[in-house]
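Numbering (the numbering used here), first residue to last: 3 to 120.
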């Protein structure tokens, strides 16, 4: 059974750093492209960042230079370091795993809520 479990969400003030974690089980983690998506109220889900099996990263334009995605294959964990968060970063953040060679193997976590507010 595949599980992606996010943690680290909560209420933060603008400019206060936050780190999200996603622990995967039931998959060969190193074979998966890992990503963070987010969905704000009334908006579509959007890509925040992804990291390939080789460690290459890609970011959405709105978070470039502020957020950093990383992975630890030994711990089956992907992280999202959120620096200088803004109120517009408020959303439910979802962890995503996509097999690097089999398009049908895509899994989602249940999400963690991040609220950026003073």
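Here a beta-carbon is modelled for each residue, glycine too, at the ideal position from N, C-alpha and C.
The model shown is predicted, which means the values in this text are computed figures rather than measured ones.
* Asked: By Cβ distance, which residues of its chain are closer than 8 Å to residue 103, with the 5 residues on each side in sequence left out?
  -> 33
* **residue 4 versus residue 23: straight-line alpha-carbon distance, rounded** => 16 Å
* Asked: Along the chain, where does the beta strand (DSSP E) that runs through residue 23 open and close?
  -> 20-27
* Mind the definition here: the segment 113-120 touches the segment 14-23 only if three or more C-beta pairs lie below 8 Å; say whether that holds. => yes
* Starting from the C-beta of residue 27, find all residues in its chain whose C-beta is less than 6 Å away, skip the five residues before and the five after it, and write them out in chain order. => 5
* Can you tell me which of the three DSSP states residue 74 falls into? => strand
* Asked: Beta-carbon separation of residue 50 and residue 62 under 7 Å?
  -> yes
* Would you say the beta carbon of residue 93 comes nearer than 6 Å to a heavy atom of the ligand ADP? -> Within the structure as shown, the ligand ADP is missing, as the structure has no ligands at all.
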